[in-house]
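With this note's numbering, the residue at position 277 of the sequence shown is 429, and numbering never jumps. The beta carbon of each residue, even a glycine, is placed where N, CA and C say it ideally should be.
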Amino acid sequence: MNLDHLRYFVALSRTENYTQTAKLLHITQPSLTKAIHSLEAELNIDLFQKAGRSVTLTPAGKVFASDVESALLLLDKSVTNIKRFDQQKAPIRIAALRTLSIKWLPDIAQRFLQLSPHAAVQFQFNTDTGLSPDILNGLRNNKYDVAFCSKMDHFSDIEFFPVAEQTMVCITRTTHPLANRSSINLAETLAYPQITFSQRSGLHPIMQKLFNDCGGQPISAYAVEEDQAIAGLVASGFGIAVVPNMSILQTMPVKIIPLSFPTWQRILYMGTLKHRTPQPAVEEFITFVRDQSKTLSVNNI
């Protein structure tokens, strides 16, 4: 049963005049007439009878009008209460790397809601540009309450707490000559064109150091900011890559090859401003994440 038709019916029951009611509702008179006829057809009973240029309620219409008006009042009151309840929820503004936003962050946010039923909060999830520097600048500029990203230099006003860990792996297309390897030394990848991290990525300086330690820098066929985009290019045959071992790789047509040397782990962090006093709900969430992350989640991202 159309809710608008019921509201039209109640309005007409008060005025008993189609022209006046149509003006009050800001609809055309034919639209009002069609709505009332549709309602009567659905109920299989006349709700109005003509009285000159006006209409009057039938006995059945009077009973229905009283019940519908009460029901609509109750419905409107309930909607208002729900909206008020939602407005009272404290926002927690989160920005996170996309690699964390696929599984890890939704999981921990859902656990927080389940284990803290008294916390009236409303999560606001963001990825910003997907880059750690931009996420941290957003945190610094009060755009976000909490950040989940890489730890970076030049952000001494931000406290970093480790929450997750990823090992580094080499990924190739399944038909690549290296795809039959069970492990690989990073130096062995130097002979092949690679998809590398661009300078804006938080992993760029780390990867430079790892390759320097292994004897040289890779041949960069393409430089990309995000690890998921790199994986997509590898899957399409644009080159090989060394990336964090993220869960999305399991769903892609790539071969995941563990590194035998160097063995290095990427740590991902929760960032909060040192000198900002968070709202109670935000502080409760921060404490929850700290407690949950005492044992780092490894490659479960």
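Asked                                                                                                                                      : Found
Three-state secondary structure (DSSP) of Arg-263                                                                                          : helix
Neighbour-count burial assignment, Ala-212, 16 or more Cβ in a 10 Å radius                                                                 : exposed
Nonlocal neighbours in the same chain, by C-beta distance under 8 angstroms from Met-180, ignoring five residues either side               : Note on identity: in this sequence residue 180 is Thr, with Met being the wrong assignment. If we look at Thr-180 and ignore the five residues flanking it on each side, its Cβ neighbours are Ala-174.
Close-in-space but distant-in-sequence residues of the same chain around Met-153 (CB under 8 angstroms, 5 per side omitted)                : Leu-191, Glu-194
Segment contact, 8 angstroms Cβ cut-off, at least three pairs: the stretch 245-260 with the stretch 218-229                                : no
Contacts around Glu-378, its chain only, beta-carbon distance under 6 angstroms, and the 5 residues preceding and following it disregarded : Gly-282
Reduced DSSP secondary structure (H/G/I, E/B, other) of Gly-282                                                                            : coil
For Gly-290, three-class secondary structure by DSSP                                                                                       : helix
Rounded separation between Glu-317 and Lys-235 - CA only                                                                                   : 40 angstroms
Inter-residue spacing [alpha-carbon to alpha-carbon] between Arg-166 and Val-441                                                           : 57 angstroms
Straight-line gap, Ser-388 to Arg-325 (C-alpha atoms, nearest Å)                                                                           : 7 angstroms
Assumed close pair Leu-224, Val-162 - CB separation to whole angstroms, cut-off 8 angstroms                                                : 6 angstroms
Counterpart residues of Gln-177 in DSSP-defined beta bridges                                                                               : With the sequence shown as reference, residue 177 is identified as Leu, and Gln is not the correct amino acid for it. In DSSP, Leu-177 forms no bridge with anything.
Segments assigned beta strand (DSSP E), at least 3 residues, entirely inside the stretch 321-375                                           : 346-349
Between the CA atoms of Gln-444 and Gln-266 - distance to the nearest angstrom                                                             : 14 angstroms
For Ile-234, three-class secondary structure by DSSP                                                                                       : helix
Ile-389 - DSSP class collapsed to helix/strand/coil                                                                                        : The sequence shown places Gly at residue 389, rather than the Ile named in the question. DSSP places Gly-389 in coil when its eight states are reduced to three.
Close-in-space but distant-in-sequence residues of the same chain around Lys-361 (CB under 8 angstroms, 5 per side omitted)                : none
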